[in-house]
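Undergrad:
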Amino acid sequence: MKRFYERYLKNINIFAAAAICIAAALCFAGILFWISRDNQREAQQIQERAEQRGLQEEGGGEEAAPTPEAIPQQTAPEDSPAADSAEQPSPPQAAAAVPASGISCRGDDFMDANDSPTYAYPVILQQLLAQNGKNIPVENKGLYGTGTLSQLRYAGVPEEEVQAYIAAHTASGGELAATETGVRDFTPEELARTDQGYVPVLFMGFYGGWHNDLQELIAQQEKVLATYTGNPDQYIIMGYPNTGSTDGDNAYEDAMMQRWGEHYVSLRQLMQGSIYTYAGQQEMAGIVYQKLSELGYLG
Numbered sequence: 050m051k052r053f054y055e056r057y058l059k060n061i062n063i064f065a066a067a068a069i070c071i072a073a074a075l076c077f078a079g080i081l082f083w084i085s086r087d088n089q090r091e092a093q094q095i096q097e098r099a100e101q102r103g104l105q106e107e108g109g110g111e112e113a114a115p116t117p118e119a120i121p122q123q124t125a126p127e128d129s130p131a132a133d134s135a136e137q138p139s140p141p142q143a144a145a146a147v148p149a150s151g152i153s154c155r156g157d158d159f160m161d162a163n164d165s166p167t168y169a170y171p172v173i174l175q176q177l178l179a180q181n182g183k184n185i186p187v188e189n190k191g192l193y194g195t196g197t198l199s200q201l202r203y204a205g206v207p208e209e210e211v212q213a214y215i216a217a218h219t220a221s222g223g224e225l226a227a228t229e230t231g232v233r234d235f236t237p238e239e240l241a242r243t244d245q246g247y248v249p250v251l252f253m254g255f256y257g258g259w260h261n262d263l264q265e266l267i268a269q270q271e272k273v274l275a276t277y278t279g280n281p282d283q284y285i286i287m288g289y290p291n292t293g294s295t296d297g298d299n300a301y302e303d304a305m306m307q308r309w310g311e312h313y314v315s316l317r318q319l320m321q322g323s324i325y326t327y328a329g330q331q332e333m334a335g336i337v338y339q340k341l342s343e344l345g346y347l348g
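End of the sequence shown = 348 in the working numbering, gap-free, step of one.
(1) Give the straight-line distance between the Cα atoms of Pro126 and Leu178, rounded to the nearest whole angstrom.
(2) Find out if the Cβ-Cβ distance for the pair Pro290, Met320 is shorter than 8 Å.
(3) By DSSP, does Ser150 sit in helix, in strand, or in coil?
(4) Tell me whether Ser139 sits in a helix, a strand or coil according to DSSP, three-state version.
(5) Rounded to the nearest angstrom, what separates Ser199 and Ala226 at their Cα positions?
(6) Nearest CA to the CA of Lys340: which residue from Tyr284, Ser323, Ile267?
(7) Measuring CB to CB, does Gln245 end up less than 8 Å from Tyr277?
(8) Should Leu240 be labelled buried (16 or more other beta-carbon atoms within 10 Å of its own) or exposed?
(9) Around the Cβ of Ser165, are there at least 16 other Cβ atoms within 10 angstroms (buried) or fewer (exposed)?
(10) Grab the span of the beta strand (DSSP E) containing Ile324 for me, first residue to last.
(11) Just to confirm, are Ile185 and Leu344 a CB contact at a threshold of 8 Å?
(12) Can you tell which of Ala216, Thr197, Gln180 has the C-alpha that lies nearest to the C-alpha of Asp158?
(13) Excluding the 5 residues preceding and the 5 following Leu263 in the sequence, name in chain order all residues of the same chain whose CB lies nearer than 7 Å to its CB.
(14) For a test of the three-state rule: what should DSSP assign to Ile185, helix, strand or coil?
(15) Between Val14 and Ser221, what straight-line distance do the alpha-carbon atoms span, to the nearest angstrom?
(16) My parser needs the beta strand (DSSP E) runs of 3 or more residues fully inside the segment 196–262; what are they?
(17) Just confirm the distance between the C-beta atoms of Gln252 and Met287, as a whole number of angstroms; I'd bet it's less than 8 Å.
(18) Looking at the strands, I want to know which residues DSSP matches up with Leu192.
(19) Rounded to whole angstroms, what's the CA-CA distance from Ser323 to Asp161? Just pull it up for me.
(20) From Val314 to Ala334, what distance separates their C-alpha atoms?
(21) Over the uninterrupted alpha helix (DSSP H) stretch that includes Tyr277, give me the two end residues.
(22) The beta strand (DSSP E) that contains Tyr170, what's its start and end?
(23) Starting from Gly288, follow the beta strand (DSSP E) in both directions and report where the run begins and ends.
(24) Pull up the DSSP beta-bridge partners for Val314, would you.
(25) What do you reckon, are the CB atoms on Tyr170 and Gln330 nearer than 8 Å?
(26) Could you give the C-beta distance for Arg155 and Gly191, rounded to a whole number, given that I count them as a contact under 8 Å?
(27) By DSSP, does Tyr54 sit in helix, in strand, or in coil?
(28) Looking only at its own chain, which residues have a Cβ that is under 6 Å from the Cβ of Thr228, when we skip the five neighbours before and after it?
(29) Just to check my reading of the structure: Ser153 and Val248 have Cβ atoms closer than 8 Å, yes? What is that Cβ distance to the nearest angstrom?
(30) Can you tell me the Cβ-Cβ gap for Val206 and Asn189, rounded? I've got them flagged as a contact below 8 Å.
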């Protein structure tokens, strides 16, 4: 009897477990059915909305997406920073540096006719340019032992202007240096110009010709510069080194700096050697090259 009762309980447990499994399976199947039904309903709703939107776009309905032209553009208030920046044009792009077509060294030459073709600073300057990959010609228009009046004529300044200086110097009286009234003669070939489009480097005044009047010297420099046809803002003015007169040198430096500004090169301040030596000419060439580069004339 006991054995039968144990078997009976065992069978009931089995049936109960089976019933629980069946119920769980049915419950799970029901859940899947409802999920699938909801998905189908949602899919149908999406399709209906899509079809409705397509009809609106075809018929020009109000819900059609606006075109860019139909979207109102937002503008900043007139006194706002955004409005100010919108009204300001963009700054122009800086033009690329253009190298000089050539360099014209005009004025005083401290090497004589034998040494100048080899040792004068324009010759050394040409070598420096070539060594640094600059294909820029240099013309040596220096004159040995001549004053500014000869240099005016050599540059092509009108003869009547040269004669006006001579007349003024003569009328002032007193004992005058030869360069204050004397002017060198030049052949037509010497007066022919091939350097007018070049960047001028002027070194004038060491031998006189400006009547010891700094404003007259500056006016003569301006006249020579005016004979060039290139960029009028591209030029270099070289000042002569110490003369032994401190007051005179200071006045000279002040006048040159005031008139020529960044275009002025003070040999008095930069040069260590003598302009009469080969080493001094090399030093001058290096100083001029540095200034040409500093001013952006070498590209």
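C-beta atoms are modelled at their ideal positions from N, C-alpha and C, and glycine is treated no differently.
TA: Looking at the atomic coordinates:
(1) To locate residue 126, count along the sequence shown from 1; it is residue 77. To locate residue 178, count along the sequence shown from 1; it is residue 129. With a pLDDT of 42 at Pro126, under the threshold of 50, the predicted position of this residue should be treated as unreliable, though the coordinate-derived value follows. Each residue's alpha carbon lies about 57 Å from the other.
(2) Indexing the sequence shown from 1 puts residue 290 at position 241. Indexing the sequence shown from 1 puts residue 320 at position 271. Closer than 8 Å, so yes.
(3) For the purposes of this step, residue 150 is taken as the residue at position 101 of the sequence shown. DSSP places Ser150 in coil when its eight states are reduced to three.
(4) Indexing the sequence shown from 1 puts residue 139 at position 90. No answer about Ser139 holds up, because its pLDDT of 45 lies below 50 and its placement is not dependable.
(5) Against the sequence shown, residue 199 aligns to sequence position 150. Against the sequence shown, residue 226 aligns to sequence position 177. Taking the straight line joining both Cα atoms gives about 14 Å.
(6) For the purposes of this step, residue 340 is taken as the residue at position 291 of the sequence shown. Ranking the options by Cα distance to Lys340, first place goes to Tyr284.
(7) Counting from one through the sequence shown, the residue named residue 245 turns up at place 196. Counting from one through the sequence shown, the residue named residue 277 turns up at place 228. Cβ distance < 8 Å, so Gln245 and Tyr277 count as in contact.
(8) Stepping through the sequence shown from its first residue, residue 240 is reached at position 191. With fewer than 16 Cβ atoms within 10 Å of its Cβ, Leu240 is classed as exposed.
(9) Within the sequence shown, residue 165 is the residue found at index 116, counting from 1. Result: buried.
(10) For this step, residue 324 is matched to residue 275 along the sequence shown. Unbroken run through Ile324: none, as it is neither H nor E.
(11) Taking the first residue of the sequence shown as 1, we reach residue 185 at position 136. Taking the first residue of the sequence shown as 1, we reach residue 344 at position 295. In this structure, Leu344 does not lie closer than 8 Å to Ile185 by Cβ.
(12) Within the sequence shown, numbered from 1, the residue matching residue 158 stands at position 109. Looking at the Cα atoms, Thr197 is the closest of the given residues.
(13) On the sequence shown, position 214 is the one that residue 263 refers to. Ala300, Tyr301, Ala304.
(14) Here residue 185 is taken as the residue at index 136 of the sequence shown, counted from 1. Reduced to three states, the DSSP call for Ile185 is coil.
(15) Outside the modelled stretch of the chain, which goes from 50 to 348, sits residue 14, for which no answer is possible.
(16) 248–252
(17) Here residue 252 is taken as the residue at index 203 of the sequence shown, counted from 1. Here residue 287 is taken as the residue at index 238 of the sequence shown, counted from 1. The residue you asked about is not Gln; residue 252 is Phe in the sequence shown. The Cβ separation is near 4 Å, so the contact holds.
(18) The residue you call residue 192 lines up with position 143 of the sequence shown. Beta-bridge pairing links Leu192 to Asp157.
(19) Translated into the one-based positions of the sequence shown, residue 323 becomes position 274. Translated into the one-based positions of the sequence shown, residue 161 becomes position 112. Spanning the two alpha carbons is a distance of roughly 15 Å.
(20) Taking the sequence shown and counting its residues from 1, one reaches residue 314 at position 265. Taking the sequence shown and counting its residues from 1, one reaches residue 334 at position 285. Their backbone Cα atoms lie some 12 Å apart in a straight line.
(21) For the purposes of this step, residue 277 is identified with residue 228 of the sequence shown, where counting begins at 1. Where Tyr277 is concerned, there is no enclosing alpha helix (DSSP H), given that its DSSP letter is neither H nor E.
(22) Within the sequence shown, the letter at position 121 stands for residue 170. Element bounds for Tyr170: not the beta strand (DSSP E) but the alpha helix (DSSP H), 170–180.
(23) In the sequence shown, counting from the first residue as 1, residue 288 sits at position 239. Its beta strand (DSSP E) spans residues 285–288.
(24) Along the sequence shown, one-based indexing puts residue 314 at 265. Val314 is bridged to Met287.
(25) Counting from 1 along the sequence shown, the entry for residue 170 is found at position 121. Counting from 1 along the sequence shown, the entry for residue 330 is found at position 281. Cβ distance < 8 Å, so Tyr170 and Gln330 count as in contact.
(26) As a position in the sequence shown, residue 155 is number 106, starting the count at 1. As a position in the sequence shown, residue 191 is number 142, starting the count at 1. Rounded, the Cβ-Cβ distance is 7 Å, consistent with contact.
(27) Within the sequence shown, numbered from 1, the residue matching residue 54 stands at position 5. Because the pLDDT at Tyr54 is just 47, under 50, the model does not fix this residue reliably, and the point stays unresolved.
(28) Within the sequence shown, numbered from 1, the residue matching residue 228 stands at position 179. Excluding residues within five positions, the ones whose Cβ falls inside 6 Å are Gly196, Tyr256, Gly257, Gly258.
(29) Looking up residue 153 in the sequence shown gives position 104. Looking up residue 248 in the sequence shown gives position 199. With a Cβ gap of about 7 Å, Ser153 and Val248 count as contacting.
(30) As a first step, residue 206 is located in the sequence shown; it is residue number 157 there, counting from the start. As a first step, residue 189 is located in the sequence shown; it is residue number 140 there, counting from the start. Val206 to Asn189, Cβ: 19 Å. No contact.
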